[in-house]
Amino acid sequence: MTASQTELVFTRRFCMGHRLISGCSERCAIPHGHNEYVTVTLIPGPTAPKQKRLDGHSNMLLPFAEAKGRWHRFIDERIDHSFQLSEADPLLTWFEQNEPQRLERIVVTPGDPTTELMAALLMAKLRAFLKEQGDILMPRSLEIKETPTNTVRLHGDPAHYIPLTQRPAAQCWWNRADDSTRDAV
Ligand SMILES: [Zn+2]
Numbered sequence: 189m190t191a192s193q194t195e196l197v198f199t200r201r202f203c204m205g206h207r208l209i210s211g212c213s214e215r216c217a218i219p220h221g222h223n224e225y226v227t228v229t230l231i232p233g234p235t236a237p238k239q240k241r242l243d244g245h246s247n248m249l250l251p252f253a254e255a256k257g258r259w260h261r262f263i264d265e266r267i268d269h270s271f272q273l274s275e276a277d278p279l280l281t282w283f284e285q286n287e288p289q290r291l292e293r294i295v296v297t298p299g300d301p302t303t304e305l306m307a308a309l310l311m312a313k314l315r316a317f318l319k320e321q322g323d324i325l326m327p328r329s330l331e332i333k334e335t336p337t338n339t340v341r342l343h344g345d346p347a348h349y350i351p352l353t354q355r356p357a358a359q360c361w362w363n364r365a366d367d368s369t370r371d372a373v
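Throughout, the numbering used here is defined as the position within the sequence shown, counted from one, plus 188.
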């Protein structure tokens, strides 16, 4: 008989804008947006209680509500209606110089902000939140549904997937357990 394991899956919808400037597609270089869904699957982390049976009273071994609340606050306040730009995109400089009050909703990515990259960056951010909450939970997977027919799903450690940057990993926004979506310059 195999042991049971709980997984918690939750989904949040958000709107976003971006553009891809590396030259792959002329259409994608024009700023445009998508209505996306991010779905995360959490499993017990390194410090989860070893007890496997619900206690018959609270019947809750894992702090799912806390994890979900922190995550959805970040998605609602920083990713919903965000504009996602490569750190090489001159539009970023334009916002810095002309509308710095809107930088909170700018997500800055190492290279083009593709759905693949955003899935990895968001999964790293989720790991940082969960680590700060005591490592009782960890992400098993994260997926972004970009269109009804196109989903990117990432498993495992996103650190192996994210492009290398000049900055040490600990300084990158996606590894910090705060609401940042870009690094101070
Ligand atoms: Zn797009």
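Backbone N, C-alpha and C define an ideal beta-carbon position, used for all residues, glycine too.
Check                                                                                        : Outcome
Where E304 falls: helix, strand or coil (DSSP)                                               : helix
According to DSSP, residues forming a beta bridge with S192                                  : Answer by DSSP bridge pairing: none, since S192 is not bridged.
Nearest neighbour of S270, chosen from T229, L196, A358, R201 [CA to CA]                     : R201
Where the alpha helix (DSSP H) containing L275 begins and where it ends                      : Residue 275 is actually Glu in this sequence, not Leu. No alpha helix (DSSP H) holds E275; DSSP gives it neither H nor E.
E334 beta carbon near ligand 1 (any heavy atom closer than 8 Å)                              : yes
Distance CB(R207)-CB(L309) smaller than 9 Å                                                  : no
Neighbour-count burial assignment, P327, 16 or more Cβ in a 10 Å radius                      : buried
Beta carbon of V296 nearer than 9 Å to that of R355                                          : no
Anticipated Cβ contact below 8 Å, A357 with I332, distance rounded                           : Actually they do not touch by this definition, with Cβ atoms about 22 Å apart.
Residues that DSSP places opposite P232 in a beta bridge                                     : L325
Nearest-angstrom Cβ-Cβ length linking V228 and L352, presumed shorter than 8 Å               : About 25 Å; that fails the 8 Å criterion.
When W282, R290, S329, L273 are compared against D300, the one with the closest alpha-carbon : L273
Beta-carbon proximity check, I324 vs T235, cutoff 9 Å                                        : yes
Exposure label - W362; buried when at least 16 CB within 10 Å                                : buried
Nearest residue (CA-CA) to E144, options H220, R266, P251                                    : Given a span of 189 to 373 for the chain in the structure shown, any question on residue 144 remains unanswerable.
C-alpha distance - Q285 paired with D367, whole-angstrom precision                           : 22 Å
beta-carbon H222 near ligand 1 non-hydrogen atom, thresh 8 Å                                 : yes
For L249 and C360, the rounded distance between their alpha carbons                          : 32 Å
Residue closest to L186, alpha-carbon to alpha-carbon, out of Y349, A347, H343               : Because the chain in this structure spans residues 189 to 373, residue 186 falls outside the shown range and cannot be described.
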